[in-house]
Amino acid sequence: MPTFEAPSPAEGEGPCHQILQDLDIGLVRANLEGYILELTPRFATLLGLPPDGRPDATVGLHLADITPPQDLAATLTQMEAALAGERQPWVLPPRQTRVDGRAIWVHLQMTLLRDAEGRPLQFVGIAHEGAPPTDALPDTSATPVAHHDGRPGDGFDVIAGMSHALRTPLNAILGFAQLLRVDPGEGLSAGQSEKVAHIEQAGAHLLALLSDVIDLARLEARRLPLQIELLPLAPLLDEALASVAAEAEQAGVSLRVRLPEDAMCVWADRDRLRQVLRKLLHHALRAPGTGGLVLLEVQSLHHQVALTVSDTLHELSAAQQATLFQLPAAGRDLGDGDGTHLDLHIVQRLVELMQGRVEVSSAAGLGTRLRVWLPQGQTLQPLPEEAFAPTRSAFGDLEGVAGDQPLTVLYAEDNVVNIELVRQVMRMRPQWRLEVAYCGQDAITIALRDPPDLLLLDMHLGDMSGLDVSNVLTRQPHTAGIPRVALSADVLPDLVREARAQGFVDYLSKPLDVGRLLRLLDRVSQLKAP
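Here it is, written out as structure tokens:
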């Protein structure tokens, strides 16, 4: 992003500046790169910015710095469109602030000023107090009110915070079922193996539904954080197709992708866009029977990107299309029980949070088409090649670790059932020795006394977090290089990103994928081999 340089005063700017300061108008001016040149006291008051007495605290900031994260993608896209020739002003979503102790809704409109020859000069924005949007919640800061009519209340807050607690028992169910299947010492009969497979399949289905319910609760409680950024589409599409390739092959469905020749980017949250793509592809593969075609294609139009999943397996009536993204009324069954309506409802909500929209169309003999529109991102300079490279396996960060056998893994965990599950998994890798720390302080003490070859950390220990343990050990020279892997039921994207940013080489979620843990141990063993 270009750096900000304060402009030299232009002729006649003094009187204009004084008029803007004297009038009670919420107005802001920014240069063509988006850096704030000037704003009136009323604008600062309405948006809760530093007072005009401290212009240095606001002038020179980028418009992105004063834009809520959920509106950032739309704002940057509209600015790019204006610079590309779009002449219409644009309106930003209303935002709620507090002025003089009262809650107000602020409405903003932006435009790009041009000279007589049509050359862009600067961005100008106007803010004013207005009515709340029709779907806005009433202000509850003064008087508690009961939540009715489907509005989020304390119940949603409770559910939204229960992800860790609900995933923990599922970790034991699915983990021990996997052990029965993969442990050669068990020697299950064909009938027993089939029953274990049913347990795993039902548990996986329950886990998927649980994840959807938690996401829905977070959406209703407005506790689903997003990190909007400029994303290259190609690696995300490749990853989404790879995630359903086995399912498509089993159903005899042909998977195809159609991409434009030019690299294309969107403004979106990486993890949530990945979730949307997978849900759309899974939906396309849910039709009974085998055969058919599923096509994933990308197109751009009017500074937006259309991601379309078409299939020849579904045919929806007009009535079905009208209710496809709706949840059943309270007390009614989901229908086929596969979570289709819940999945697509979450898709719609996530896309709308990313300033996009979802469309559906269907015709007899042609199948169904689900299309997601997202703001298109433009870059002034080509993205580096590594931005388009597929995500590298975290095992790559373990290369170069040296040591002698036997190998030791230190597992920091305060739940005895989870410990027993990992202990049973370790029995299948006799070259590994398991040490257990039941709290964060014990993990630090053991690691400092006898550094392990691998550190397995739960993110929520009794006395501190797994990140806290990692930070302490990173500051010590003889423990800083220990590979750290998270094993946690807390899979919030923000926590996963923070762990990776702090040097964790992998993040294993609960319920535990036993095969993934075994592959991790095998990889480290190979790197340790003389």
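Each residue of the sequence shown is one higher than the last, beginning at 86 in my numbering. Positions of the beta carbon are idealized from the N, C-alpha and C atoms, including for glycine. Keep in mind it's a predicted model, so treat the numbers as computed, not measured.
- Would you mind working out which of Ser296, Asp428 and Glu165 sits nearest Pro578, comparing C-alpha positions? Ser296
Put Pro467 into one of helix, strand or coil per three-state DSSP. Residue placement at Pro467 is poorly supported in this model, since its pLDDT is 43, which falls under 50; the coordinates are not used for a value here.
What's the gap between the Cα of Val576 and the Cα of Asp300?
11 Å
Would the beta-carbon of Ile151 be found less than 7 Å away from any heavy atom of the ligand ADP? With respect to the ligand ADP, the structure shown offers nothing to examine, as it has no ligands at all.
Exercise. How would you call Ala574, buried or exposed, if buried means at least 16 neighbouring beta carbons within 10 angstroms?
Worked result: buried
Subject >> Status (buried if at least 16 other CB within 10 Å, exposed otherwise) for Val501 >> reply: exposed
TODO: Keeping to the same chain, check which residues put their C-beta closer than 6 Å to that of Ala167; ignore five residues upstream and five downstream.
DONE: Leu197
Looking only at its own chain, which residues have a Cβ that is under 7 Å from the Cβ of Arg604, when we skip the five neighbours before and after it? none
(request) Kindly list the residues whose CB is nearer than 7 Å to the CB of Ser115, restricted to its own chain and excluding five residues on each side of it in sequence; keep chain order. (result) In the sequence as displayed, the identity of residue 115 is Ala instead of Ser. Result list for Ala115: Ile121, Leu122, Leu148, Gln207 and Phe208, in chain order.
_Straight-line Cα distance separating Ala327 from Arg363_ = 10 Å
Checklist line | Opening and closing residue of the alpha helix (DSSP H) in which His368 lies | finding: Arg355 to Ala369
Gln611 - DSSP class collapsed to helix/strand/coil: helix
**Item:** Separation of Val507 from Gly551, as counted between CA atoms
**Value:** 17 Å
Given 8 Å, three or more beta-carbon pairs between the region 354-361 and the region 401-415 = no
Practice item. Starting from the N-terminal side, write out each stretch of the beta strand (DSSP E) that is 3 residues or longer and does not extend beyond the region 277-328. Key: 313-317
Cβ-based neighbour list, Lys595, same chain, cut-off 6 Å, excluding 5 preceding and 5 following | Arg252, Asn256 and Ala574
Item to complete: Would you kindly work out how many angstroms separate the C-alpha atoms of Arg442 and Leu459, rounded to a whole number?
Response: 7 Å
His430 classed as buried or exposed, judged by whether at least 16 other C-beta atoms fall within 10 angstroms: buried
Helix or strand or just coil, what does DSSP make of Ile189? strand
Checklist entry - Counting pairs of Cβ atoms below 8 Å between the region 448-459 and the region 383-390, do you hit three or more? => result yes
Candidates Gly111, Leu451 and Met439: closest to Leu304 by CA position
Met439
Review point. Per DSSP, Glu382 forms a beta bridge with which residues?
Key: Arg343 and Thr393
_If I follow the unbroken alpha helix (DSSP H) through Asp551, where does it start and stop?_
The sequence shown places Gly at residue 551, rather than the Asp named in the question. Element bounds for Gly551: Gly551 to Thr559.
- prompt: Count the other CB atoms within 10 Å of the CB of Ala369; is the residue buried (16 or more) or exposed (fewer)?
  reply: buried
- Message: I need the DSSP call for Thr162, collapsed to helix, strand or coil.
- Response: helix
Are the beta-carbon atoms belonging to Ala554 and Gly525 less than 8 Å from one another? For the sequence presented, residue 554 should be read as Val rather than Ala. Yes.
The beta strand (DSSP E) spanning Ile121 covers which residue range? Ile121 to Leu124
> Can you list the alpha helix (DSSP H) stretches of 4 or more residues lying completely in the region 566-594, in chain order?
Replying inline: 578-586
Item to check | For Ile504, the nearest candidate out of Leu316, Glu520 and Ala614 (CA to CA) | outcome: Glu520
ask   = Which whole-angstrom value is the C-beta distance of Leu533 and Ala571, which I expect to be below 8 Å?
value = Their Cβ separation, rounded to whole angstroms, is 20 Å, which puts Leu533 and Ala571 out of contact at 8 Å.
DSSP three-state label for Met513, please. coil
Exercise. Determine, using beta carbons only, whether Leu316 and Val351 come nearer to each other than 8 Å.
Key: yes
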